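Here the structure is laid out as structure tokens; the discussion comes afterwards.
There are 2 protein chains.
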Amino acid sequence: MAKQLKKIIDTSTEAKIKEAAKKLFTQKGFNAVKTREIATEAGINLALLNYYFRSKQKLFDIIMAENLISFRKGMSDVLNNEKGDIYKKIEKLAIYYIDTLKENPNLALFVINAIHDNQHDIFNSTEDSLHQSRKHFAKQFLKEIQDGKMAPIHPVHLMSNIIGLIVMPFLAKPMMLKRLHVSEKEFTQIMDERKKLIPIWIKAMLK
Amino acid sequence: MAKQLKKIIDTSTEAKIKEAAKKLFTQKGFNAVKTREIATEAGINLALLNYYFRSKQKLFDIIMAENLISFRKGMSDVLNNEKGDIYKKIEKLAIYYIDTLKENPNLALFVINAIHDNQHDIFNSTEDSLHQSRKHFAKQFLKEIQDGKMAPIHPVHLMSNIIGLIVMPFLAKPMMLKRLHVSEKEFTQIMDERKKLIPIWIKAMLK
DNA sequence: GTCTATATTCTGATAGAC
DNA sequence: GTCTATCAGAATATAGAC
Chain A
1 MAKQLKKIID TSTEAKIKEA AKKLFTQKGF NAVKTREIAT EAGINLALLN YYFRSKQKLF
61 DIIMAENLIS FRKGMSDVLN NEKGDIYKKI EKLAIYYIDT LKENPNLALF VINAIHDNQH
121 DIFNSTEDSL HQSRKHFAKQ FLKEIQDGKM APIHPVHLMS NIIGLIVMPF LAKPMMLKRL
181 HVSEKEFTQI MDERKKLIPI WIKAMLK
Chain B
1 MAKQLKKIID TSTEAKIKEA AKKLFTQKGF NAVKTREIAT EAGINLALLN YYFRSKQKLF
61 DIIMAENLIS FRKGMSDVLN NEKGDIYKKI EKLAIYYIDT LKENPNLALF VINAIHDNQH
121 DIFNSTEDSL HQSRKHFAKQ FLKEIQDGKM APIHPVHLMS NIIGLIVMPF LAKPMMLKRL
181 HVSEKEFTQI MDERKKLIPI WIKAMLK
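Line by line, the protein sequences give chains A and B.
Going by our numbering, 181 is the number at position 181 of the first sequence; the sequence numbering is gapless.
Going by our numbering, 22 is the number at position 22 of the second sequence; the sequence numbering is gapless.
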């Protein structure tokens, strides 16, 4: 009880280290971040990092897990609980991820790198909720096709298109800003536009 | 003359190092790759790496440049030289990049990471050819909108959509294969399908 | 729990023999 | 050109005082 309360309002050293590590690891990846950097960013001594987390690797694993959970949470929530049709769900997905990535654009690259990193088997965690929600979404998808409302395409196409349209602008953001002479503020506005546009686009392209 | 011939048929130590470095750097990035690893992969001694390339950094810069050139070459060629309409160009782009990424799926992640890496200013090289070709493509794009053939959207939307649809499946490939139970062969087939589908999709969504 | 000082390992690079 | 041996510095991790 007291323990739980402590955790919630934790502004302790442990929390500070984790926060600093999260910021840096998400931004630059495992190898580019040095433990001294984390310590400085957290405003603590280097030795405390190992005192609380034993090793840099263990600290990273925790950050990795938390990032992935927050990245998946939206998908699980939307696909599972929303009663809407397939395009409504896509809109909810777009809203959730675009808002998340607006706050932390580096999260996209972090997750993509994690997907390619064989060291961490991030697909191991058999999250039943997410698995089930996907099944339901897949059913809706198949029904659309059977009813002749959607062109018969492979699920890989659908998923690639949804994820691609949502995530790619954030992955290519530095290029977009420089090459197309777009300001941060404009970029944010354009991303907000996409929340409405993406479901419309998906519907149009798969008709 | 003799020198040039030598370079073309080079299977020498220098070439072996470069090949090994290219493979590893493209796969894992600069920091994750250790010089000893490159030496082992190339089947040579560690000292030879510095003998031929002076430093790890210089070696990486060469690989980086070559990767970026091969990644841009397609864009420059297509946008510049092709006389087709905007959708024909998009199809040519899709064909070029999908074929390139089929051979080296890691290239996509490498370029994305390079885009985010402030250490290497990859936008500095003022390739006039590419710049000019973009201008022409931009004109075609604007004309489509003025003629009422295309919805009036920001260029960021268009570029995000084109790049997203082409590149995202390769970025998410490990996830796609595992989660959607797709084999390597199937994946390749699906990517080939996308060459024809992407221009059609873009046309449909932007009408 | 927190710090200073230090041990230990890793890593890029070089010297010098062949 | 290629190798072995080694250096110098960086980076992770720990010992031990407070």
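For each residue, glycine too, the CB sits at the ideal point set by N, CA and C.
Note that this is a predicted model, so its numbers are computed, not measured.
query, result
"Going along the chain, which unbroken runs of the alpha helix (DSSP H) with 4 or more residues stay wholly within the stretch 13-38 of chain B?", "13-28"
"In whole angstroms, what is the alpha-carbon distance linking H116/A and R179/B?", "14 Å"
"Between M1/B and chain A, is any beta-carbon pair separated by less than 8 Å?", "Because M1/B carries a pLDDT of 46, less than 50, the predicted location of this residue cannot be relied on, and the following value inherits that uncertainty. Not one chain A Cβ lies under 8 Å of M1/B."
"Tell whether a beta-carbon distance below 8 Å holds between V167/A and Y97/A.", "yes"
"Label I38/A either buried or exposed according to how many other C-beta atoms from any shown protein chain fall within 10 Å of its C-beta, with 16 as the threshold for buried.", "buried"
"Starting from L177/A, trace the alpha helix (DSSP H) in both directions and tell me its first and last residue.", "K173 to R179"
"Determine, using beta carbons only, whether I63/A comes closer than 8 Å to chain B.", "no"
"Using a beta-carbon distance below 8 Å, is A204/B in contact with chain A?", "yes"
"Could you pull the start and end residues of the alpha helix (DSSP H) that F71/B belongs to?", "K56 to N81"
"Compute the beta-carbon to beta-carbon distance between I17/B and A42/B, rounded to the nearest angstrom, for a pair I have assumed lies under 8 Å.", "5 Å"
"CB-CB under 6 Å to S76/A, same chain, minus the five flanking residues each way: which ones, in chain order?", "S129, L130 and S133"
"Can you tell me which of the three DSSP states I200/A falls into?", "helix"
"On the criterion of 16 or more Cβ atoms from any shown chain inside 10 Å, does H157/B qualify as buried, or is it exposed?", "buried"
"What span of residues does the alpha helix (DSSP H) with F115/A cover, start to end?", "Correcting the residue identity first, residue 115/A is Ile in this sequence and not Phe. I115/A -> alpha helix (DSSP H) spans N106 to H116."
"If you drop the 5 nearest sequence neighbours on each side, which residues of the same chain put their C-beta closer than 7 Å to that of P152/B?", "I145"
"Cβ of L68/B versus every heavy atom of the ligand FAD: is any distance shorter than 7 Å?", "Among the components modelled here there is no ligand, and therefore nothing to report on the ligand FAD."
"What residue does the alpha helix (DSSP H) around I98/B start on, and which one ends it?", "I86 to E103"
"Which same chain residues end up closer than 7 Å to M191/A when comparing Cβ atoms and leaving out the 5 residues on each side of it in sequence?", "I98, K102 and P169"
"With contact counted as at least three CB pairs below 8 Å, one residue from each stretch, are the stretch 107-116 of chain A and the stretch 52-60 of chain A in contact?", "no"
"For a contact defined as C-beta to C-beta under 7 Å, what are the partners of G164/A on chain B?", "G164, L165 and M168"
"Distance, Cα to Cα, Q189/A vs I44/A?", "38 Å"
"What separation, rounded to the nearest whole angstrom, lies between the Cα atoms of D85/A and D121/B?", "45 Å"
"So, helix, strand or coil for G148/B, using DSSP?", "coil"
"Answer with yes or no whether the minimum CB distance from I115/B to chain A is below 8 Å.", "yes"
"Buried or exposed, going by whether 16 or more other CB atoms sit within 10 Å of the CB of A172/A?", "buried"
"For N161/B, go through chain A and note every residue whose CB falls closer than 7 Å to its CB, in chain order.", "L165"
"Round the Cβ separation of T26/B and F110/B to the nearest angstrom and send it over; I've been treating them as touching at under 8 Å.", "5 Å"
"Against chain A, with Cβ distances strictly below 8 Å, would N67/B count as a contact?", "no"
"Quick one: grab the DSSP three-state call for L206/A.", "coil"
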